[in-house]
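What follows is a short report on a single structure.
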Amino acid sequence: MSTLDELIQKARLLRSEGHSPGQIADELSLSMETVTWLLTQEKGAATPKDVHIDWTAVSGESQLLEESAMMLQSRLHIKQPDGPVPQVYVGIAISGIPLATLMAVSEGVRLGIYHPAKQAIGDEPVGSMSGNFGIRPGEQVVIVDDVITSGKTLQEVINYIKRHGAVPVACCVLFDKRGIRDIDGVPVYSLFKVSRID
Ligand SMILES: O=P(O)(O)OC[C@H]1O[C@H](OP(=O)(O)OP(=O)(O)O)[C@H](O)[C@@H]1O
Numbered sequence: 000m001s002t003l004d005e006l007i008q009k010a011r012l013l014r015s016e017g018h019s020p021g022q023i024a025d026e027l028s029l030s031m032e033t034v035t036w037l038l039t040q041e042k043g044a045a046t047p048k049d050v051h052i053d054w055t056a057v058s059g060e061s062q063l064l065e066e067s068a069m070m071l072q073s074r075l076h077i078k079q080p081d082g083p084v085p086q087v088y089v090g091i092a093i094s095g096i097p098l099a100t101l102m103a104v105s106e107g108v109r110l111g112i113y114h115p116a117k118q119a120i121g122d123e124p125v126g127s128m129s130g131n132f133g134i135r136p137g138e139q140v141v142i143v144d145d146v147i148t149s150g151k152t153l154q155e156v157i158n159y160i161k162r163h164g165a166v167p168v169a170c171c172v173l174f175d176k177r178g179i180r181d182i183d184g185v186p187v188y189s190l191f192k193v194s195r196i197d
């Protein structure tokens, strides 16, 4: 079975479980346009320009996961050799958490965990920091995640951190599908920029 067939199956399974197209897009780290295409497979419809990133070969092996987190940390230090030492690494739930944990442990600093609004329930879902893994006003914060698709999640976290009086100094991600250099002046450092050339 091809990767595309697997994606179609996953999208159909999620839909049969009652997930909305937006939730399926988040779950598979794809755009809404791509999810619609996967679910409908409209005849003659142009294939959407999107890519699916499967990094389970790395996330599923703790040693490779740790080495990826260390690469992300090295990337940060190469780009900001004289930069402020972060007091907290904030991982975005869920996939950013193990990466941020490993980075925080390696530097002996605190761990923060952010739950994005899209994972919250209720009529007006809002994003929030974990009570046990929060941030304090004035702290220098590095935000960590696995993938940028639209960049909305990182924007949300940056807004939250600023609103709560802390200072976001960088965003570290494994894969960037947008090629973003910065968000509101906060630099974005990725290990891999993913783009199509057709
Ligand atoms: O750039 P954006 O369009 O905002 O999308 C990127 C976000 O989507 C994925 O999270 P998801 O909600 O799928 O959770 P996960 O971490 O459990 O995969 C990914 O881990 C990022 O947090």
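So for the sequence shown, numbering that gives the first Met the number 0 puts the first residue at 0; every next one is plus one.
Even glycine gets a Cβ: it sits at the ideal position worked out from N, Cα and C.
Three or more beta-carbon pairs drawn from the segment 174-185 and the segment 144-159 are found closer than 8 Å, and the two stretches are therefore classed as touching. For residue 8, the uninterrupted alpha helix (DSSP H) segment begins and ends at 2-15.
Each of 25, 26, 28, 91, 92, 93, 94, 95, 115, 117, 118, 144, 145, 146, 147, 148, 149, 150, 151, 152, 153 has a C-beta closer than 7 Å to some heavy atom of ligand 1; these make up the full list, in chain order.
Per DSSP, reduced to three states, the secondary structure at residue 21 is helical. Counting along the chain, the unbroken alpha helix (DSSP H) around residue 95 starts and ends at 95-106.
Segment contact: the segment 133-145 against the segment 159-173, three or more CB-CB distances shorter than 8 Å; contact assigned. Bridge pairing for residue 174: 146, 191 [DSSP]. The criterion of a C-beta distance shorter than 7 Å is satisfied by residue 101 and residue 65.
For residue 58, the three-state secondary structure derived from DSSP is helix.
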